[in-house]
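Written out below as C-alpha cells is the structure these notes cover.
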Amino acid sequence: MRIRTPLNNKKDDLIFNIIQGDEKAFRQLFDMYYLRLYHVAIYYLSSKESAEEVVSDVFYTIWNRKETLHEIENIESYLYISTKNQALHYIRRSNTPECSPLDLYNIELIADNTNPESVLLDQEQQELIQKAINSLPEKCREVFRLFLSDKLKQKEIATLLNISQKTVEAHIATAYKKIHAYLKKRY
0 MRIRTPLNNK
10 KDDLIFNIIQ
20 GDEKAFRQLF
30 DMYYLRLYHV
40 AIYYLSSKES
50 AEEVVSDVFY
60 TIWNRKETLH
70 EIENIESYLY
80 ISTKNQALHY
90 IRRSNTPECS
100 PLDLYNIELI
110 ADNTNPESVL
120 LDQEQQELIQ
130 KAINSLPEKC
140 REVFRLFLSD
150 KLKQKEIATL
160 LNISQKTVEA
170 HIATAYKKIH
180 AYLKKRY
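Using numbering that gives the first Met the number 0, the letters of the sequence shown correspond one by one to residues 0 to 186.
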C-alpha cells in the first residue's frame with residue numbers, strides 16, 4: 000500500500016484542480032516544472048527557441064488533455080518522458096542537429112563559474128571529453144546526462160527511468176571511471 004505524503008497530496012490536489020479546469024493550478028504545475036523540462040529539451044535540441052517550443056507543446060498537450068490526467072500515475076515522470084519524446088519528434092520533423100551533452104555542460108560551467116578562464120577548454124579537450132561521453136553504454140550515458148546536465152537527484156533518476164537507486168549510483172560511478180580512464184589513456 001502506498002502511503003501518501005504531503006507532497007503527493009499537494010501534487011494530487013494540483014492535478015485534480017487542473018482536471019477541473021483550474022488555470023491557476025495549471026500555472027503552478029507549469030512554474031514547478033518548466034525549467035527542469037527546458038533542460039531536458041535543450042539536451043536534445045540545438046537552440047533554446049526549439050527547447051522552449053517543445054516544452055510549451057508538452058504543457059499545451061497537458062492542458063488540452065486534462066480530462067485524462069487521472070490516468071497518469073506519476074506526473075513528474077510523465078512530463079520528463081513527454082518532453083524527451085517531443086524533443087526527439089521535433090528533431091525527426093525538422094532535422095535539427097542535436098545539442099551535445101558536452102556543449103550543455105560547458106554552458107552550465109561557464110554560467111556557474113565566476114572565473115571563465117578556468118573553465119574554457121581548448122577544442123581538442125572538448126572533443127576528447129565528448130568522445131569519452133559517447134563511448135559510455137547507452138543507459139549509463141543517459142543516467143550521467145540526467146545527473147550532470149539536468150541536475151536530477153539519484154532518486155529522481157531512478158523513478159524516471161524505473162530503475163533502482165543503486166543502479167543509478169552504479170551508472171554514475173561507472174561513467175566517471177570510464178571517462179577518467181579514457182582521458183588518462185590519451186594524456
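For every residue, glycine included, the Cβ atom is placed at its ideal position computed from N, Cα and C.
Annotation for residue 161: no alpha helix (DSSP H) segment contains it, and DSSP assigns it neither H nor E. Here DSSP, grouped into helix, strand and coil, assigns residue 9 to helix.
7 Å or more divides the Cβ of residue 85 from the Cβ of residue 39. In the three-state scheme derived from DSSP, where H, G and I count as helix and E and B as strand, residue 55 is classed as helix. A direct Cα-to-Cα measurement between residue 47 and residue 163 gives close to 32 Å. Between residue 135 and residue 146 the beta-carbon gap is near 12 Å, outside 8 Å, which marks them as no contact. Between residue 131 and residue 79, the CB-CB gap reaches or exceeds 7 Å. Cβ atoms of residue 24 and residue 13 come within 8 Å of each other, at about 5 Å. Nearest to residue 92 by alpha-carbon distance, out of 60, 185, 174 and 44, is 44. Residue 57 and residue 81 have their alpha carbons spaced roughly 7 Å apart.
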